[in-house]
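For reference, the structure discussed in these notes is given below.
Chains as they are written, first to last, in the working numbering: chain Y, 57 to 392; chain S, 19 to 293.
See the structure below:
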């Protein structure tokens, strides 16, 4: 992992995820002259423009042309460089899906994609700028690593870690303005390794991205008010998935709720469900996400509330799941 | 450094052999994109036997010229040249298209030595060429990036996104050749989705256009050497070719975009190549 970065915890609390990304990338650029940056007329929105200002020769703005953006990135990677490509998640994952799949993933190139405005973080912009499908898409590309950081500090950790992580990496962040969860950077971030936010024995909330802070708040509230012991696991890396942490949660708590800013099909909830199904262990299971619809328009906090992605919503779902009396079922102890 | 008559004789001999190889592979494989494989034979032969700065014994040599077959379905025409240049054993091509063969119709850069970029989905090669050319310039490398486009694939918007970018970034360390064989799967390029005025389109995007006879080594040589020296703007060579070239019953026949050959047809095709 790279050393000597100039951002601080104070920055993490005052800068958006994207701003921290811009700063971290500049720091990495100082240390590694193979890093180049690319964007498609979103240098400012995605904050990769900061890298462009510091290293104008190593930054390429290809205009509003996302297919070309990722093709050019593949060529730069083939020439021996390490491209960081930033555009909005919706354009990266869908407008340029085939370039990312065929040019980058298929050839297993060292290309790092930082997709901003993920999920419903650009809520007021409407469906054209929402992105609740990208995790499903990126997870299905062989060779691709998929990361959804919880906040700016985790974003910084993920960006630093991905430089030395071989092959393509897709990091999905919000628009910025998201509140932070972590208070320090050295909590042991490792690609592919889940982070235990808090321990519990009654139920486990498995979450990623901005939902981590909300889940942590929900767990705290439920402990104080409902006397529930809720475990929270931050699965920042959707692929490769930390199956061990999921299986342990299933065994220990037998009740799982997943929370993600994504369509309930194909994202974190689906990935967790795969692990549970494969294990043969019975468990109560509920996915919170966008319920297979195009999201309403609105400010993110209103949308998070509407889709039960905030602490209040998570609390209500946890209470429902705790209310299930399936443990009285005759076959509860049956295991493969 | 104009091409000599002796060189042309040599290249002609190579092209004949490659065309017979293409016929053999098509027969072994049970089917291949033979029409477009045959239309670009002279283009590939002159690049691989005269112009590309490569070392087949050291396929990953960092300072080699790069070659992108953007019309990736031409794999049947590309693989035999790589074999004849010594990147791998020619006999491996008997497994073309077979279970677990490294050779599918569209060649995989991670499986086939000498292939710089995996292609097959049309419209992808030119953006990658732009990235390679930018990467070479940034790292102060003198190697060139050659790209062969199909004319039909120039329907793809990504080709024109890359064309805009190559001119914008003033990339003169890339040379692009269009195999203008006038045919695509559903008919002629002009009937399916008209490309003309094709040269004017490239010019409007800021490129310098050279026309060439894609089956004539003098013509190709002149155009390539012009492109190598040009430093004002990227150069595209529009090489007029005949789909199915060299096999009389395939020439300009749209149905030979993809096809199989039995033993009789293979013999007939080879006899035609020898004429």
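Glycine included, each C-beta is placed from N, C-alpha and C at the ideal position.
- Query: What are the partner residues of residue 257(S), as DSSP defines its beta bridges?
  - Reply: Residue 257(S) is bridged by DSSP to 197(S), 230(S).
- Neighbour-count burial assignment, residue 263(Y), 16 or more Cβ in a 10 Å radius: buried
- Query: Whose C-beta lies closer than 6 Å to the C-beta of residue 167(Y) among residues of the same chain, with five residues either side of it excluded?
  - Reply: 129, 133, 139, 160, 224
- Message: So, for residue 318(Y): in the same chain, excluding its five sequence neighbours on each side, which residues have a beta-carbon less than 6 Å away from its beta-carbon?
- Response: Once the five neighbours on either side are set aside, the close Cβ partners of residue 318(Y) are 188, 191, 345.
- Task: Find the nearest neighbour of residue 368(Y) within the set 336(Y), 315(Y), 347(Y), 237(Y), judged by alpha-carbon distance.
- Result: Here the closest residue by C-alpha is 315(Y).
- With 16 other CB atoms within 10 Å as the buried threshold, where does residue 272(Y) fall? buried
- Of all the CB atoms in chain Y, is at least one closer than 8 Å to the CB of residue 201(S)? So no, residue 201(S) is outside the interface.
- Query: What residues in the region 135 to 149 of chain Y have a beta carbon less than 9 Å from any beta carbon of chain S?
  - Reply: 135, 136, 137, 139
- Along chain S, in chain order, which residues have C-beta atoms closer than 9 Å to that of residue 127(Y)? 141, 142, 143, 144, 145, 146, 147, 148, 149, 176, 179, 180
- Message: Between which two residues does the beta strand (DSSP E) holding residue 191(S) run?
- Response: Premise fails: residue 191(S) is in no beta strand (DSSP E) and is neither H nor E.
- Who are residue 135(Y)'s beta bridge partners in DSSP? Answer by DSSP bridge pairing: none, since residue 135(Y) is not bridged.
- Item | Integer Cβ distance of residue 214(Y) from residue 193(Y), believed to fall under 8 Å | Actually they are not in contact, since the Cβ atoms of residue 214(Y) and residue 193(Y) sit about 19 Å apart, beyond 8 Å.
- At a Cβ cut of 9 Å, what residues of the region 108 to 139 of chain S count as close to chain Y, listed as they run along the chain? 126, 127, 128, 134, 135, 136, 137, 138, 139
- Message: Within 8 Å of any Cβ in chain S, is that where the Cβ of residue 86(Y) sits?
- Response: no
- Task: Can you pull the chain Y residues whose beta carbon is under 7 Å from the beta carbon of residue 168(S), in chain order?
- Result: Correct list: empty, because the minimum Cβ distance to chain Y is about 16 Å.
- Query: Nearest CA to the CA of residue 35(S): which residue from 249(S), 151(S), 99(S)?
  - Reply: 99(S)
- Message: Can you look up residue 104(Y) in the DSSP assignment and give me helix, strand or coil?
- Response: coil
- Thinking residue 234(Y) and residue 266(Y) are a contact (beta carbons under 8 Å), I'd like their distance in whole angstroms, please. Residue 234(Y) to residue 266(Y), Cβ: 5 Å. Contact.
- Message: Does residue 116(S) pass the burial test, meaning 16 or more other C-beta atoms within 10 Å, or should it be called exposed?
- Response: exposed
- Spatial distance of residue 390(Y) from residue 352(Y) (CA atoms): Residue confidence for residue 390(Y) is low, a pLDDT of 49 falling below 50, so the modelled location carries little weight and cannot support an answer.
- Query: Are residue 116(Y) and residue 81(Y) close, meaning C-beta to C-beta below 8 Å?
  - Reply: no
- Task: With residue 218(Y) as the anchor, note down where its alpha helix (DSSP H) starts and where it stops.
- Result: 208 to 219
- First through last residue of the alpha helix (DSSP H) which encompasses residue 219(S): 216 to 222
- Query: Taking the alpha-carbon positions, what's the residue 259(Y) to residue 200(Y) distance?
  - Reply: 31 Å
- Message: Quick test of your reading: residue 359(Y) and residue 174(Y), contact by CB under 8 Å. State the CB separation rounded to the nearest angstrom.
- Response: The pair is not a contact, with the Cβ atoms about 13 Å apart (cut-off 8 Å).
- Message: When you compare the CB positions of residue 179(S) and residue 145(S), do they come within less than 8 Å of one another, or not?
- Response: The Cβ atoms of residue 179(S) and residue 145(S) lie closer than 8 Å to each other.
- Span separating the alpha-carbon of residue 57(Y) from that of residue 93(Y): Note that residue 57(Y) scores a pLDDT of 40, beneath 50, so its modelled location is shaky; the value from the coordinates is reported in the next line. In a straight line, the C-alpha of residue 57(Y) is about 19 Å away from that of residue 93(Y).
- Message: Below 7 Å on C-beta distance, what does residue 162(Y) contact in chain S?
- Response: 136
- Query: How many angstroms separate the CA atom of residue 325(Y) from the CA atom of residue 288(Y)?
  - Reply: 14 Å
- Message: Restricting to Cα atoms, I'd like to know which of 94(S), 189(S), 81(S) is closest to residue 277(S).
- Response: 94(S)
- Where are the alpha helix (DSSP H) runs, 4 residues long or more, that stay fully inside the region 108 to 194 of chain S, in chain order? 143 to 156, 175 to 186
- Message: Can you list, in chain order, the residues of its chain with a C-beta nearer than 7 Å to that of residue 392(Y)? Leave out the 5 residues immediately preceding and following it.
- Response: In this predicted model, residue 392(Y) has a pLDDT of only 39, less than 50, meaning its place in the structure is not dependable enough to derive any value.
- Can you check DSSP and say which residues form a bridge with residue 291(S)? DSSP output for residue 291(S) lists no bridge partner at all.
- Task: Measuring alpha carbon to alpha carbon, tell me which of 133(S), 33(S), 241(S), 104(S) ends up nearest residue 196(S).
- Result: 241(S)
- Message: Beta carbons nearer than 8 Å to chain S: which residues of the region 91 to 115 of chain Y have them?
- Response: 92, 113, 114
- For residue 342(Y), which beta-bridge partners are listed by DSSP? 313(Y)
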